Every structure is written in structure tokens, then in C-alpha cells.
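Report on the following structure.
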Amino acid sequence: MGKLQSKLSFHTTKYGADGSVGQTGSIVGQTGSIGTSRQHSPAHTDAVTSVAALKPDLCVSGGRDKSVAVCSWRSGAALRRFVGHEREVTKVTSALDSSRVFSASRDKTVMMWELHGASGPSQHFPGHELVVTGLAVSPDASQLCTGSRDNTVCKWDTETGECLARATISRNLVTHLCWVPGEPYVIQTSEDKTTRVWDSRELQVAHTFPAKQHIQTCCDVSQDGRYCLCSSQGGEATVKDLRQTRGRVCEYRGHFQTTTSCVFLPRGPALAPSVATSSSDSTVKVWHRDT
């Protein structure tokens with residue numbers, strides 16, 4: 015079972031109704047200060063449903079207010095706001111260091127936005143019959159994979175908006191998609207409790223990991239493309255080796271409710287490989303990846 019990182023101390027920042035700061039907060043770890051907590055103006059007028067990295071100092075988010083926002087975490091400013099979906103945004107993504115932003119929605123569509131372009135979408139991807147719940151873009155941003163509760167996974171040309179391929183698997187209610195860095199493979203989690211590896215070239219399943227006990231909610235891939243991390247409604251998260259697909263590498267247990275999200279943390283020169291998980295139990299946990 016994964017080992018929970020220790021010796022982390024958390025200090026909250028108190029803000030007055032007028033925006034004044036009553037106490038500066040920080041997060042301190044084993045190697046010293048990681049950062050200072052700051053509060054900025056809200057990027058959305060309703061709950062934020064998804065967030066993704068866009069550039070080293072920019073992130074993109076989607077919300078129940080049907081909008082997509084691009085924000086600078088340095089200044090706190092919302093640099094761009096895109097509106098076009100008819101219902102709440104469910105997922106956002108982008109190719110790192112790209113100027114293209116993608117959003118999926120309960121309105122059954124996906125849209126592409128240009129960071130330095132017009133305020134309207136530069137491309138539409140209609141075709142799913144139910145809410146779009148999975149979204150992954152290739153590293154060069156030329157292709158897009160989408161998944162839905164309609165049991166389908168689709169591949170799209172981002173320039174033309176053409177659907178290049180569509181695959182349907184019974185009971186494959188997609189919960190998340192992520193693209194393997196430097197590879198033509200896409201990882202997909204499902205409500206059927208499995209994790210699938212898709213070969214995007216022909217949009218065929220290359221491998222299916224054995225079904226878990228609970229619904230798989232989210233997935234992430236390490237930057238070297240070797241490991242896949244999946245979270246579950248059972249409260250655990252599991253690392254799988256994509257090169258040796260017979261079994262799991264490590265499993266992390268400690269959440270008391272659904273593990274809603276999981277991510278591989280960036281590696282530092284003096285830091286052991288780590289992963290982070292968030293849960294409906296109101297906690298975020300950081301784990302040693304290999305122990």
C-alpha cells in the first residue's frame with residue numbers, strides 16, 4: 015500500500031470581507047517552503063468542474079456557469095473567458111504550451127478555443143448522444159479523443175472538426191481520458207470498473223486492465239509515459255505499469271469516500287516520485303509513488 019507523505023504542515027490564510035489579509039499562510043514540506051497561499055477574484059460564477067495546465071504560468075478551467083476561463087496564477091487575473099456551451103462544462107484540457115484550449119460539456123459537444131483568437135469557438139465537435147465526460151488531446155494538438163456516457167470514444171481532426179473514427183463498447187460509460195506523452199495511446203477509465211488503453215491510430219483497444227471492485231473515476235499518465243494512475247469510487251488509487259500490463263505497481267488506500275481525481279506530481283532533484291489524490295471526504299493526500 016502506498017506510503018503517505020509525512021511532515022507536511024499547513025497554515026491557512028484568513029481573509030476579511032473587505033479582502034484584507036489577516037494572516038499570511040504557507041505550505042511547508044520536508045525541504046522547506048513550497049509556496050504561499052493567496053486569494054484572487056473568482057474565475058467563475060458557479061462551481062468549478064475541471065482545471066488543467068495550459069502554460070507554466072497559465073491554467074484553464076471550466077465551470078457550471080457554462081464558461082471556460084484562462085487565468086494566470088501569478089497575477090490572479092482571468093486573461094480570457096470563453097462562452098458558447100449551452101450547459102455546464104464537464105472537462106477542459108490543452109496540449110501543454112499550446113494556445114489551443116478544449117472543453118467538453120453536458121450539452122453533448124466539445125469546443126476548441128484559441129488563446130489569442132476570437133472570443134467564440136474556433137471549432138465544434140458535435141456527435142455524442144449524451145454528456146461528454148472524457149477529453150484528451152495529442153501532444154501536437156492535431157488530434158482529439160473524446161468519450162461519453164453514450165458508450166463511445168471518438169477521434170477528431172482538430173483542424174477540420176471531422177470525426178476520424180468512432181468506437182462503441184457496451185456499458186463503457188467513459189469517466190476520463192488522458193493521452194500518453196510521446197505515444198499514440200490514450201488511457202480511459204470507465205463506470206464498468208475497467209481501465210482501457212486505446213491505440214489512437216485505428217481507435218482500437220490495445221489492452222484492458224482487469225476490472226476493479228469499484229467504478230474508476232479518473233486517470234493520469236506519468237511524464238515518461240511508463241505509468242498510469244487511476245482513482246476509484248472505493249476510495250483507493252492504483253498505479254499500473256504500461257510496459258508490463260499484467261499487474262499493479264502500487265495501490266494507495268486512505269480516503270474514506272470516492273477518490274475523485276489523481277495526478278502525478280512533477281519531480282524535483284531532491285524529491286521522490288509522488289502522486290496526489292483528492293476525495294469527496296474533503297481531503298487531498300500526497301503519496302510516495304513506489305512505496
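Start counting the sequence shown at 15; every next residue gets the next number (my numbering).
Yeah, the Cβ is synthetic: ideal placement off N, Cα and C, and Gly gets one too.
Owing to the predicted nature of the structure, the values given are computational and were not obtained by experimental measurement.
Spatial neighbours of Thr88 in its chain, beta-carbon cut-off 6 Å, leaving aside the 5 residues before and after: Rather than Thr, the amino acid found at residue 88 in this sequence is Arg. The residues are Asp71.
Should the stretch 188-195 be regarded as contacting the stretch 173-180, the criterion being three or more beta carbon pairs within less than 8 Å? no
Looking only at its own chain, which residues have a Cβ that is under 8 Å from the Cβ of Ser86, when we skip the five neighbours before and after it? Asp71, Leu72 and Leu93
Can you tell me which of Gln237, Cys232, Gln258 and Arg240 puts its alpha carbon nearest to the alpha carbon of Glu250? Cys232
Assumed close pair Glu102, Lys80 - CB separation to whole angstroms, cut-off 8 Å: 6 Å
Going by the beta-carbon positions, is the gap between Val211 and Phe223 smaller than 9 Å? The answer is yes: Cβ separation under 9 Å.
Taking the alpha-carbon of Gly131 as reference, which of Asp238, Tyr266 and Ser112 has the nearest alpha-carbon? Checking every option, the nearest Cα to that of Gly131 belongs to Ser112.
Please state whether DSSP places Gly239 in a helix, a strand or coil. coil
Looking at His54 and Ala91, is the spacing between their C-beta atoms short of 9 Å? yes
Taking the Cβ atom as the reference point for each residue, do Ser119 and Glu143 lie within a distance shorter than 9 Å? no
Inter-residue Cα distance where the pair is Cys68 and Thr259: Rather than Cys, the amino acid found at residue 68 in this sequence is Leu. Going by the C-alpha atoms only, they are around 30 Å apart.
Where Phe270 sits in the DSSP three-state scheme: coil
Buried or exposed (CB count within 10 angstroms, at least 16 for buried), Phe270: exposed
Any idea if Gly134 is buried or exposed, counting beta-carbon neighbours within 10 angstroms, 16 or more meaning buried? exposed
Please classify Gln218 as buried or exposed, where buried requires at least 16 neighbouring CB atoms within 10 angstroms. exposed
Between which two residues does the beta strand (DSSP E) containing Asp171 stretch? Thr166 to Asp171
From the DSSP output, read off the bridge partner residues of Gly148. Partner(s): Gly161.
Helix, strand or coil at Gly76 [DSSP, three-state]: strand
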